[in-house]
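Participant: Shown below is the structure under consideration.
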Amino acid sequence: MEAKHLIECRDVNLGYEGQSVLKHLDLTISAGDYLCIVGDNGSGKSTLLRGLLGLITPMSGTIERADALQKGAIGYLPQQTRAQRDFPATVYEVVLSGCLNWKKTHFFYSPQQKSAALMNMGKLGVLELKDQCYRDLSGGQQQRVLLARALCAASKLLILDEPITGLDPAAAQDLYKTLTYLNETEGMAIIMVTHDLKAALKGARTVLHIGRSSFYLGSAADYLASPQGRRFREADE
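Its first residue numbered -5, the sequence shown is counted upward by one per residue in the working numbering.
What follows is the structure, encoded as structure tokens:
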């Protein structure tokens, strides 16, 4: 695998209990990429994220990860459940928990980890909320807190699953601007599953459309001109 590549999928089949959900996928994620994953409900988008994260093993084919990712350099922002939205912890505690992969055999957070948590809260504009209870925040504030937590785990790659679900339009646009900043200014690679095609493509450079029996992978501009892109765009409008 080339040094700049973070993840390479070669002829990958992913599924559960012997039933394939995705078949014959070839995909390369490189440093600094911004990939938007779209497709119909049930097409396998979240399954792909689980495979990229190493949470499920391919039924066939291979998924190779750069050495840096093997050491926990991926930040993950999953869809929130109701129980998670009501989590009774302070903002600082939630963000600091993103450093758990660093702790290894240590029982306490180090000064470096605490500094990283404060830095990422500042970067996401939630530092002044650090002593507030997470469950008392608005949806947009909660997503910023979770993104700050993900940044504590990430140094190379952020993976997000429907990050604007439940957000009002202003909060969603704010989140997209933050992701663009992280990608363009800090060089963070981003993989995002979303139904919000029109807004997401303003930042994404590459699109993976997962169909029932085929894939489309190309630039955002080429995707919008493709049959898949036109159909998906019309459904989004």
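All C-beta atoms, glycine included, are put in the ideal place defined by N, C-alpha and C. Please read all numbers here as calculations on a predicted model, not as lab measurements.
#1: If you run the structure through DSSP and keep just helix, strand and coil, what is residue 7?
#2: Alpha carbon to alpha carbon, what distance is there between residue 171 and residue 121?
#3: With DSSP run on the structure shown, which of helix, strand or coil describes residue 99?
#4: Are the Cβ atoms of residue 84 and residue 30 separated by less than 8 Å?
#5: Expressed to the nearest angstrom, what Euclidean distance is found between the alpha-carbon atoms of residue 123 and residue 112?
#6: Mind pulling the alpha helix (DSSP H) runs of 4 or more residues that sit fully within the region 44 to 87?
#7: Bridge partners of residue 203, per DSSP?
#8: Excluding the five sequence neighbours on either side, which residues of its own chain have a C-beta within less than 7 Å of the C-beta of residue 73, listed in chain order?
#9: Short of 8 Å in beta carbon distance, which residues of its chain neighbour residue 119, apart from the five on each side in sequence? Order them along the chain.
#10: For residue 181, count neighbouring Cβ atoms within 10 angstroms of its own Cβ and tell me buried if that reaches 16, exposed if not.
#11: In the DSSP output, which residue or residues are listed as bridge partners for residue 16?
#12: Exposed or buried, which one is residue 92 when buried takes at least 16 other CB atoms within 10 Å?
#13: Assuming residue 202 and residue 21 make a contact with CB atoms under 8 Å, what is their CB distance in whole Å?
#14: Along the chain, where does the beta strand (DSSP E) that runs through residue 247 open and close?
#15: Please state whether DSSP places residue 178 in a helix, a strand or coil.
#16: Whole angstroms are fine: how far does the CA of residue 33 sit from the CA of residue 204?
#17: Looking at C-alpha atoms only, which residue of 194, 23, 55 is the closest neighbour of residue 68?
#18: For residue 130, is the classification buried or exposed, using 16 other Cβ atoms within 10 angstroms of its Cβ as the cut-off for buried?
#19: Counting Cβ pairs, one atom from each stretch, are 3 or more of them under 8 Å apart for the region -4 to 16 and the region 36 to 51?
#20: Roughly how many angstroms separate the alpha carbons of residue 178 and residue 70, rounded to a whole number?
#21: Rounded to whole angstroms, what is the Cα-Cα separation between residue 164 and residue 40?
#22: If you follow the beta strand (DSSP E) that residue 183 is part of, which residue opens it and which one closes it?
#23: Just how far apart, CA to CA, sit residue 148 and residue 63?
#24: Just mark residue 37 as buried or exposed, buried being the case when its beta carbon has 16 or more other beta carbons within 10 Å.
#25: Closest to residue 175 by CA distance: which of 13, 28, 18, 12 is it?
Facilitator: Concretely, from the data shown:
#1: The residue labelled residue 7 in the question sits at position 13 within the sequence shown. In the three-state reduction of the DSSP assignment, residue 7 falls in the strand class.
#2: Counting from 1 along the sequence shown, the entry for residue 121 is found at position 127. Counting from 1 along the sequence shown, the entry for residue 171 is found at position 177. Across the structure, residue 121 and residue 171 are spaced so that their CA atoms are roughly 18 Å apart.
#3: What you label residue 99 is simply residue 105 of the sequence shown in a count that begins at 1. Bear in mind that a pLDDT of 48 at residue 99, under 50, signals an unreliable position, so the number given afterwards is only what the model happens to contain. It is coil, neither helix nor strand.
#4: Walking along the sequence shown from the start, residue 84 turns up at place 90. Walking along the sequence shown from the start, residue 30 turns up at place 36. At a Cβ-Cβ threshold of 8 Å, residue 84 and residue 30 do not count as neighbours.
#5: Along the sequence shown, read from residue 1 onward, the residue named residue 123 stands at position 129. Along the sequence shown, read from residue 1 onward, the residue named residue 112 stands at position 118. So the alpha carbons of these two residues sit roughly 11 Å apart.
#6: Those alpha helix (DSSP H) runs which fall completely within the region 44 to 87 and span 4+ residues are 61 to 64, 76 to 79.
#7: Along the sequence shown, one-based indexing puts residue 203 at 209. Its beta-bridge partners are 32, 210.
#8: Taking the sequence shown and counting its residues from 1, one reaches residue 73 at position 79. A distance below 7 Å between beta-carbons, with the five flanking residues on each side excluded, links residue 73 to the following residues of its chain, in chain order: 155, 156, 159.
#9: As a working mapping, residue 119 is identified with position 125 in the sequence shown. Taking C-beta separations shorter than 8 Å and ignoring five residues to either side along the sequence, the partners of residue 119 in its chain run 138, following chain order.
#10: Translated into positions along the sequence shown, residue 181 becomes position 187. Burial call: exposed.
#11: Here residue 16 corresponds to residue number 22 of the sequence shown, with the count starting at 1. Answer by DSSP bridge pairing, in chain order: 8.
#12: Looking up residue 92 in the sequence shown gives position 98. Looking at its Cβ environment, which holds 16 or more other Cβ atoms inside 10 Å, residue 92 is buried.
#13: Stepping through the sequence shown from its first residue, residue 202 is reached at position 208. Stepping through the sequence shown from its first residue, residue 21 is reached at position 27. Distance from residue 202 to residue 21 at the Cβ level is roughly 7 Å; contact confirmed, criterion being Cβ atoms closer than 8 Å.
#14: What is shown of the chain runs -5 to 231, which leaves residue 247 out entirely.
#15: As a first step, residue 178 must be located in the sequence shown, where it is residue number 184. Residue state for residue 178 is assigned as helix, using DSSP reduced to three classes.
#16: Position 210 of the sequence shown, counted from the start, is the residue given in the question as residue 204. Position 39 of the sequence shown, counted from the start, is the residue given in the question as residue 33. Distance between residue 204 and residue 33, taken at the CA atoms: about 5 Å.
#17: For the purposes of this step, residue 68 is taken as the residue at position 74 of the sequence shown. Each of 194, 23, 55 was checked against the Cα of residue 68, and the nearest Cα belongs to 23.
#18: For the purposes of this step, residue 130 is taken as residue 136 along the sequence shown, with counting starting at 1. Exposure of residue 130 is indicated by the presence of fewer than 16 other C-beta atoms within 10 angstroms of its C-beta.
#19: These segments touch.
#20: Position 184 of the sequence shown, counting from 1, holds the residue named residue 178. Position 76 of the sequence shown, counting from 1, holds the residue named residue 70. Taking the straight line joining both Cα atoms gives about 19 Å.
#21: What you label residue 164 is simply residue 170 of the sequence shown in a count that begins at 1. What you label residue 40 is simply residue 46 of the sequence shown in a count that begins at 1. Whole-angstrom Cα-Cα distance: 25 Å.
#22: Taking the first residue of the sequence shown as position 1, residue 183 is located at position 189. In this chain, the beta strand (DSSP E) harbouring residue 183 covers 183 to 187.
#23: As a working note, residue 148 is residue 154 in the sequence shown. As a working note, residue 63 is residue 69 in the sequence shown. Rounded to the nearest angstrom, the two C-alpha atoms are 9 Å apart.
#24: Within the sequence shown, numbered from 1, the residue matching residue 37 stands at position 43. Its Cβ being crowded by 16 or more others within 10 Å, residue 37 is buried.
#25: For this step, residue 175 is matched to residue 181 along the sequence shown. Minimum Cα-Cα distance from residue 175 among the listed residues 13, 28, 18, 12 corresponds to 28.
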